[in-house]
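At the far end of the sequence shown sits residue 577, using this note's numbering, and the numbering has no gaps.
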Amino acid sequence: MNKIYLIAQREFLTRVQKKTFLLTTILLPLLIFGFYALMIYFQVKTGNNTKIAIVDKANIFNGKFQQDDEIEYKLVGNALTTPQLNELVELKKFDGYLVIPQSFNPNGKDTLQLSSGKSLGIMTREKIQGKFEKILEQQRLLSLNVSQSELDSIQNGNKIKFANISGQEDTATKVGISYGVGFASAMLIYMLLFIYGSMVMRGVMEEKTSRIAEVIVSSVKPFQLMMGKITGIGAVGILQFIIWIVLVIGLQMILLPILFPELMHHASQVAIQPVGVQAAKQIQDHGGIGAILDGFKQVNIPMIIGCFVFYFLGGYLLYSSMFAAVGSAVNEDPQDAQSLMLPIMMPIIFAIVIMTKAVNEPTSALAVFGSIFPLTSPIVMMARIAYGVPDTVPYWQLGLSAILLIAGFLGTTWIAGKIYRTGILMYGKKITWKEMIKWVVRKN
134 MNKIYLIAQR EFLTRVQKKT FLLTTILLPL LIFGFYALMI YFQVKTGNNT KIAIVDKANI
194 FNGKFQQDDE IEYKLVGNAL TTPQLNELVE LKKFDGYLVI PQSFNPNGKD TLQLSSGKSL
254 GIMTREKIQG KFEKILEQQR LLSLNVSQSE LDSIQNGNKI KFANISGQED TATKVGISYG
314 VGFASAMLIY MLLFIYGSMV MRGVMEEKTS RIAEVIVSSV KPFQLMMGKI TGIGAVGILQ
374 FIIWIVLVIG LQMILLPILF PELMHHASQV AIQPVGVQAA KQIQDHGGIG AILDGFKQVN
434 IPMIIGCFVF YFLGGYLLYS SMFAAVGSAV NEDPQDAQSL MLPIMMPIIF AIVIMTKAVN
494 EPTSALAVFG SIFPLTSPIV MMARIAYGVP DTVPYWQLGL SAILLIAGFL GTTWIAGKIY
554 RTGILMYGKK ITWKEMIKWV VRKN
């Protein structure tokens, strides 16, 4: 045990004392903060809203039009011709125009055409389509002698409120926060597994090709060398991750209000966009930053942080042992490592596929299986835990997942140790998975 500690200490100190560690540890949060600030700045300050000109010859809007936040509609004169409208678009006065002919019938099946100077994005198209469908629906109801007060009463009618069996409200904002936190946590573990697992593999390959391993194994067992390397690099990853979190949160909470005080009320909308359109829409529709803060209060953040640390460590130990085994079996040729890495990468990629379903349907059979199976549980379980324990993830599923992950780590470590013991001292031969399996089943 003392030898494993010494090797882990050496791996930790040699990496932490490098300038590259300091640069990546400090520069990455600064880059993230910079991109975050730029997103907010360009979202709010550029004024790059889509502008649509409307020629309402049928007087559908009665000279009035309710504006949206991101799309600006303007009723222009009915006397404008198509060439004049095209010229306005070419001069960048408008992004497009919509002509409603005098013969247009809201109750009919007439098709309106929106002409634009550039291709409009799918979200912009959906907003414009939804806007006009809602307006035309109102016009149809009014044409059926439904008064405006009755129409308002219909639109502000009964709604469904979601809650669990204990009576606690399950708001759309909470669901959106859970979606975002689960997606971000799972993706972060996915990236860390690749980064630090590959780091373990490269470290083993460097020691093997430089023949340092031959000197080290004369005083320690190969298994001790492998475990020391995995533990040391894992400690580097945890330290770097903690520093990143502290710096990113600190910069966001301290510098962002100082640099952009007038933009902070827009920060919530910008921050949630990368986690998915569905989550963004749910949060934007239910109260902005105040609703977001209330949503975070309903999410068990300490539980999520604790599970994140456990599943990161469990997933790292499980996969890094396999990465170390691959690193010990290859020589100088990087292509050999890539071919041997495929069976290791496939479960991680498969976990991402399951995770994309788990964030939308956290109680589905596929999501439950992915969160329990040890090769996919570090990623998939984080996507489910954000929705709540034990509401979405029962305690027995969480406990079974943790036990199987520990058992999976012990199993992969035993297999990787047998491969490592033979492969670390083998040179000049191209190794295949078939031969590595023989090393595993061979008796000592």
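A virtual CB, placed ideally from N, CA and C, is assigned to each residue, including glycine.
For clarity, every value in this text was computed on a predicted model and none was experimentally measured.
Cβ-Cβ distance between residue i and residue j below 8 Å
i: Ile-477; j: Phe-456; result: yes
i: Gly-550; j: Phe-374; result: no
i: Ile-185; j: Asp-228; result: yes
i: Ile-140; j: Val-353; result: yes
i: Gly-330; j: Ser-453; result: yes
i: Ile-438; j: Thr-158; result: no
i: Leu-247; j: Ile-268; result: no
i: Phe-316; j: Ala-516; result: yes
i: Ile-539; j: Gly-448; result: no
i: Tyr-444; j: Met-514; result: yes
i: Ile-204; j: Thr-257; result: yes
i: Val-463; j: Met-338; result: yes
i: Leu-508; j: Gly-532; result: no
i: Leu-380; j: Pro-162; result: yes
i: Gly-367; j: Leu-450; result: yes
i: Met-436; j: Ile-518; result: yes
i: Val-314; j: Val-432; result: yes
i: Ser-472; j: Ser-510; result: no
i: Met-324; j: Ala-470; result: no
i: Leu-245; j: Tyr-230; result: no
i: Pro-548; j: Lys-341; result: In the sequence as displayed, the identity of residue 548 is Ile instead of Pro. Cβ distance not < 8 Å, so Ile-548 and Lys-341 don't count as in contact.
i: Val-486; j: Gln-530; result: no
Burial state of residue i (16 or more Cβ within 10 Å)
i: Thr-306; result: buried
i: Gln-150; result: exposed
i: Ile-310; result: buried
i: Lys-251; result: exposed
i: Ser-504; result: buried
i: Lys-225; result: exposed
i: Glu-144; result: buried
i: Glu-223; result: exposed
i: Gly-263; result: exposed
i: Ile-512; result: buried
i: Ser-236; result: exposed
i: Ala-212; result: exposed
i: Thr-183; result: buried
i: Val-574; result: exposed
i: Val-408; result: Confidence at Val-408 is low in this model, with a pLDDT of 40, below 50, so its placement is unreliable and no value can be given for it.
i: Gln-402; result: Because the pLDDT of Gln-402 is 45, which lies under 50, any placement of that residue in the model is unreliable, and the number read from its coordinates should be weighed accordingly. Classification of Gln-402: buried, given that the 10 Å Cβ count is 16 or more.
i: Ser-351; result: exposed
i: Thr-545; result: buried
Residue span of the alpha helix (DSSP H) that contains residue i, given as start and end
i: Met-230; result: Note that residue 230 is Tyr in the sequence shown here, rather than Met. Tyr-230 -> not in any alpha helix (DSSP H); beta strand (DSSP E) instead, spanning 229-233.
i: Ser-510; result: 510-518
i: Ile-548; result: 528-556
i: Met-360; result: 355-383
i: Ala-212; result: Looking at the DSSP string, Ala-212 is not in any alpha helix (DSSP H), and its letter there is neither H nor E.
i: Phe-145; result: 135-149
i: Val-501; result: 498-505
i: Lys-567; result: 566-574
Separation of residue j from residue i, as counted between CA atoms
i: Met-332; j: Gly-365; result: 11 Å
i: Phe-168; j: Leu-146; result: 31 Å
i: Thr-555; j: Ile-363; result: 18 Å
i: Cys-440; j: Gly-361; result: 24 Å
i: Phe-166; j: Leu-384; result: 7 Å
i: Val-232; j: Tyr-206; result: 13 Å
i: Pro-239; j: Thr-214; result: 23 Å
i: Ile-405; j: Leu-156; result: Because Ile-405 carries a pLDDT of 40, less than 50, the predicted location of this residue cannot be relied on, and the following value inherits that uncertainty. About 28 Å.
i: Asn-192; j: Val-308; result: 41 Å
i: Trp-572; j: Lys-136; result: 25 Å
i: Ile-552; j: Arg-344; result: 18 Å
i: Glu-494; j: Thr-525; result: 10 Å
i: Met-559; j: Pro-480; result: 28 Å
i: Lys-562; j: Ser-497; result: 46 Å
i: Ile-570; j: Ala-458; result: 11 Å
i: Arg-273; j: Leu-221; result: 32 Å
i: Val-492; j: Leu-208; result: 42 Å
i: Asp-189; j: Glu-266; result: 15 Å
i: Pro-587; j: Ser-318; result: Residue 587 is absent from the structure shown; the chain starts at 134 and stops at 577.
i: Gln-142; j: Leu-499; result: 41 Å
Limits of the unbroken beta strand (DSSP E) element including residue i
i: Tyr-206; result: 204-208
i: Val-432; result: Unbroken run through Val-432: none, as it is neither H nor E.
i: Thr-215; result: Taken as a continuous stretch (DSSP letters only), Thr-215 belongs to no beta strand (DSSP E), being part of the alpha helix (DSSP H) at 215-223.
i: Ser-249; result: 247-249
i: Ala-186; result: 183-189
heavy atom of the ligand GTP below 7 Å from residue i C-beta
i: Tyr-230; result: Summarising the ligand content, the structure contains no ligands, and the ligand GTP is consequently not present.
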